[in-house]
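Participant: As they're listed, the protein sequences go chains A and B. So that you can map any letter, position 218 of the first sequence is 219 in my numbering, and since no number is skipped, the others follow by simple counting. So that you can map any letter, position 22 of the second sequence is 24 in my numbering, and since no number is skipped, the others follow by simple counting. Ideal Cβ placement from N, Cα and C applies to all residues, glycine included.
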Amino acid sequence: MAGSGTAHLRADDDVILRVEHLQVEYPAKAGLKVQAVAGISFDIRKGETLGFVGESGCGKSTTGRAVLQLPSPTAGSVLVQGKDLTKLSSRDMRRERTRLQMIFQDPMSSLNPRRRIRDSIREPLTIWGRDRGDGRQKVDQVLEQVGLDAAVVGDRFPSELSGGQCQRIAIARALIMEPALLICDEPVSALDVSVQAQILNLLEDLKEQYGLSMMFIAHDLAVVKNISDRVAVMYLGKLCEIADAETIAKRPAHPYTRELINAVPVPDPSIRRRSEQKAPAEVPSPLNPPSGCRFRTRCPRAEAVCAAEEPQFHKITDGHYVACHFPLQETPMVRTSAEPVGV
Amino acid sequence: MTATTQPAAPDTTNDREPLLVVDDWKTYFKTAGGLLRAVDGVSLRVDAGSTIGLVGESGSGKTILSRSILGLVRSRRKVEPGGTITYDGVVINKLSPKERRRYWGKDMAMVFQNPMTSLNPVLTIGRQLTEVLTLHLGMSKALARARAVELLESVGIPEPKKRADEFPHQLSGGMRQRVTIAIALSCNPRLLLADEPTTALDVTVQAQILDLLDEQQSARDMTMILVTHDLGVVAGRTDTVAVMYAGKIVEIAPTKTLFTETRHPYAEALMRSIPTMDAPNHTRLFTIPGRPAQLTGEPKGCRFAPRCSYAQEKCLTEQPPLVAPERPDHSFACWFPVGTKPGQEALERNLSAGQTAAGTSMSLMTVLGA
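1) In the DSSP output, which residue or residues are listed as bridge partners for B/PRO256?
2) In the DSSP assignment, the alpha helix (DSSP H) including A/TYR257 goes from what residue to what residue?
3) Excluding sequence positions up to five away, which residues of its chain have a Cβ less than 6 angstroms from the Cβ of A/PRO291?
4) Around the Cβ of B/THR358, are there at least 16 other Cβ atoms within 10 angstroms (buried) or fewer (exposed)?
5) Going along chain A, which residues have a C-beta under 8 angstroms from B/MET226?
6) How is B/ARG103 classed by DSSP in three states: helix, strand or coil?
7) Under a three-way DSSP split, which group does B/GLN357 fall into?
8) Spatial neighbours of A/HIS326 within its chain, please: C-beta separation below 6 angstroms, excluding the five flanking residues on both sides.
9) Identify each residue in the stretch 45 to 67 of chain B for which the Cβ-Cβ distance to at least one residue of chain A is less than 8 angstroms, and report them in chain order.
10) In whole angstroms, what is the alpha-carbon distance linking B/ALA372 and B/VAL181?
11) Please report how far the alpha carbon of A/TYR236 lies from the alpha carbon of A/MET178, in whole angstroms.
12) Name, please, each residue of chain C whose Cβ falls closer than 7 angstroms to the Cβ of A/VAL224.
13) Tell whether a beta-carbon distance below 7 angstroms holds between B/ILE66 and B/THR29.
14) Contact criterion: CB-CB distance below 7 angstroms. Does A/LEU201 meet it with respect to chain B?
15) Counting Cβ pairs, one atom from each stretch, are 3 or more of them under 8 angstroms apart for the stretch 282 to 290 of chain B and the stretch 47 to 56 of chain B?
16) Using the beta-carbon of each residue, which ones in chain B are nearer than 7 angstroms to A/GLY32?
17) Assign A/ARG95 to buried or exposed, taking buried as 16 or more other Cβ atoms, counted over all protein chains shown, within 10 Å of its Cβ.
18) Once you ignore the five residues that flank A/HIS255 on each side, which residues in its own chain have a CB closer than 7 angstroms to its CB?
19) If you reduce the DSSP assignment to three classes, tell me which class B/ALA248 lands in.
20) Consult DSSP for A/ARG157 and reduce its assignment to one of helix, strand or coil.
21) From the DSSP output, in three-state form, read off A/LYS34 for me.
22) Report the residue from B/LEU195, B/VAL207 and B/GLN314 whose alpha carbon sits nearest the alpha carbon of A/SER57.
23) What is the residue span of the alpha helix (DSSP H) that B/VAL378 lies within?
24) Would A/PRO108 pass as a contact of A/ALA171 if the rule is Cβ separation under 7 angstroms?
25) Using a Cβ-Cβ cut-off of 6 angstroms (strictly less than) and excluding sequence neighbours within five positions of A/ILE249, which residues of its own chain qualify?
26) What in chain A is Cβ-close to B/LEU233, meaning under 9 angstroms?
27) Please work out which residues of its chain come closer than 8 angstroms, Cβ to Cβ, to B/ARG222, disregarding the five sequence neighbours upstream and downstream, and give them in chain order.
28) Any idea what DSSP makes of B/GLU300, helix, strand or coil?
29) Which of the three DSSP states is assigned to A/GLU21 in this structure?
30) Quick check: A/GLU187 and A/GLN70, are their CB atoms within less than 7 angstroms of each other?
31) Could you check the C-alpha separation between A/LEU126 and B/PRO170 for me, to the nearest Å?
32) Using a Cβ cut-off of 9 angstroms, pull out every chain A residue sitting near B/MET273, in sequence order please.
33) Which chain B residues are close to A/SER163, counting only those with a beta carbon under 9 angstroms from its beta carbon?
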């Protein structure tokens with residue numbers, strides 16, 4: 002994995018976000034640098050949801066933040082409808098950010114605890130001079146769109162609401178600016194499963210209503226698969242594979258993607274997937290990433306060429322790209338039926 | 003294991019002795035809003051050598067129940083108004099804290115959710131392991147040290163000798179959880195309680211930790227209680243699953259039966275609200291309207307009724323008992339169970355009325371099989 006290249010980028014007018022060779026570095030101890038994102042490229046079409054999945058530390062959240070220039074990437078370009086955000090002054094960037102909104106993991110801490118819900122949602126309108134006396138009406142409208150009763154929650158404080166309600170409010174606050182792109186960073190991982198389903202359905206509804214384009218970042222492959230049109234798999238700062246959600250789930254070409262799929266617990270007692278790999282799944286330090294393909298230290302298919310050469314993205318089928326020297330042909334899913342569980 | 007409403011009744015289907023029997027156990031807390039019923043009358047029988055999964059969302063009481071079994075709930079606001087916990091024939095809930103401690107380590111051990119906070123950051127891994135061994139088993143320092151290295155090796159930690167001299171922050175999250183498992187296993191406990199042992203971990207690491215718990219359990223013939231919010235985690239790894247809602251067990255059955263013959267509407271909804279890899283993308287997810295139940299106040303009727311698509315008048319006034327009408331090892335607490343004639347009729351009545359007896363609009367419900 003750990004591949005580079007831009008073969009998977011699409012050249013059409015519908016692309017709303019085009020990121021090329023994005024690189025984010027953080028200073029580390031002893032003058033060293035950590036490459037949290039090490040040169041990745043991707044694009045998102047209008048009305049499309051691109052899911053990002055990977056283990057913690059793979060750089061998926063950093064990628065989302067780098068699109069918003071929070072912080073600015075060390076290298077690479079971020080084009081939103083043709084405009085390169087990395088070249089904008091901070092003043093212009095602020096203006097541009099209104100069209101790019103973000104939803105965070107912990108809904109409680111992303112809302113000001115001392116501000117009433119209605120004020121939190123209305124603030125962006127005030128700041129950008131879009132509140133022409135109809136602000137309150139707009140707020141109530143957007144609250145209704147996210148499934149909340151404005152009369153009930155409008156005058157409350159975040160502490161009086163549940164996690165699911167707070168996440169709906171965070172979504173309302175993002176939507177009120179009518180964004181072109183919504184970046185969701187683990188928006189459901191802090192929620193209970195029954196609430197998680199409500200929020201995922203809501204995001205789908207809103208996407209349909211507004212033709213929203215979304216970048217959806219999560220560690221749960223099943224969640225990402227459900228909501229995304231396309232899925233990008235990341236490992237240690239690099240992209241491994243990108244394809245439509247169905248292909249990722251049914252015909253993964255990258256050994257890492259398959260490992261992720263096999264690890265997803267299946268809520269069916271008759272299916273039991275066993276991890277192929279017995280050695281502890283340790284991600285190498287990003288301070289000193291492996292040469293060549295970054296996944297080779299965990300890869301069952303690794304050979305000498307994987308250490309010597311970094312794999313480049315290449316096409317498997319239409320829309321399915323992988324960065325691997327030895328991509329999987331078919332899917333030998335590791336499935337063994339467990340014996341019926343008796344007492 | 004089975005849960006029965008009359009635990010005194012002999013269970014002839016089972017020749018294994020129960021290691022742990024929880025009978026009508028209650029843990030309440032005094033709060034400003036009234037008495038909070040965190041665990042509200044739970045009965046549970048755990049057979050030696052079996053694995054039971056306790057599944058529920060936040061606030062269901064699964065964690066408080068598992069901590070009550072160990073005697074770890076320490077709060078001045080705690081009230082334990084009734085019930086008994088019997089371990090290996092001894093009623094342990096009435097024992098003094100000092101006597102209770104004797105059970106820790108050797109008889110019962112616990113693995114906690116967050117390996118970052120359950121290890122002492124200023125002591126080496128080896129020190130934390132040997133402490134248990136010298137304290138509970140009276141080993142000498144040298145012997146304990148050798149045993150600690152052995153334990154680290156058995157939970158799959160590479161270079162155990164070197165690791166024993168390292169501090170928790172030098173290890174990854176998965177490695178740290180392996181260490182807490184090694185500590186929990188160090189005195190060969192007969193009962194292991196694992197409270198969300200993999201929730202803080204990556205999915206690839208989760209699979210390995212669950213495999214490790216599996217292996218250790220069968221190798222040691224240990225009894226295990228696996229507490230989790232994830233039905234996927236319990237599906238392939240438990241003998242029995244108990245689904246909890248608002249401090250009560252709403253359904254308990256052998257794992258396979260629970261998944262194939264689900265009877266409680268909450269258990270059904272929980273199962274269907276999880277996105278799966280097999281369903282096509284953009285599949286509309288099953289949702290449960292509303293939010294988890296308030297746990298304060300005397301429950302009137304079924305706690306799940308306001309969120310239930312089957313709810314009838316009876317559900318609002320009468321609490322359904324946990325009974326086993328179909329087979330002795332499958333109990334559920336519902337007046338109108340899923341997949342039965344009364345359940346189907348209740349659902350149809352609500353559909354034609356447009357709302358449930360609790361006043362919840364049916365348009366909020368994702369109705370299946372209607």
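Facilitator: With the given structure in hand:
1) B/THR242, per the DSSP bridge assignment.
2) Per DSSP, A/TYR257 belongs to the alpha helix (DSSP H) from 256 to 264.
3) PRO285, ARG297 and THR298
4) With 16 or more other Cβ atoms within 10 Å, it is buried.
5) Here the premise fails: no neighbours, minimum Cβ distance about 14 angstroms.
6) Note: B/ARG103 maps to helix in three-state DSSP.
7) The answer is strand: DSSP assigns B/GLN357 an E or B state.
8) VAL306, CYS307 and PRO312
9) ASP49, SER52, GLU59 and SER60
10) Because the pLDDT of B/ALA372 is 32, which lies under 50, any placement of that residue in the model is unreliable, and the question is left without a value.
11) When rounded, the distance between both Cα atoms is 33 angstroms.
12) This model lacks chain C altogether, as its protein chains are A and B.
13) Annotated as proximal: B/ILE66 and B/THR29, with beta-carbon spacing under 7 angstroms.
14) yes
15) Put simply, the stretch 282 to 290 of chain B does not touch the stretch 47 to 56 of chain B. Fewer than three CB pairs are less than 8 angstroms apart.
16) By Cβ distance, chain B contributes nothing, its closest Cβ being about 21 angstroms from A/GLY32, past 7 angstroms.
17) exposed
18) Excluding positions up to five away in sequence, the list reads MET2, VAL234, CYS241, GLU242, VAL323, CYS325 and PRO328.
19) coil
20) coil
21) Here A/LYS34 sits in strand by DSSP.
22) B/VAL207
23) The structure shown does not extend to residue 378 of chain B, since chain B spans only 3 to 372, so no value can be given for it.
24) Contact flag set, yes.
25) VAL232
26) Within 9 angstroms Cβ-Cβ: VAL194, PRO266 and PRO268.
27) Within the same chain, and ignoring the five residues on either side of B/ARG222 in sequence, the residues whose Cβ sits closer than 8 angstroms to its Cβ are LEU187 and ASN190.
28) coil
29) strand
30) No, Cβ-Cβ distance for A/GLU187 and A/GLN70 is not below 7 angstroms.
31) 47 angstroms
32) PRO268
33) ARG293 and PRO294
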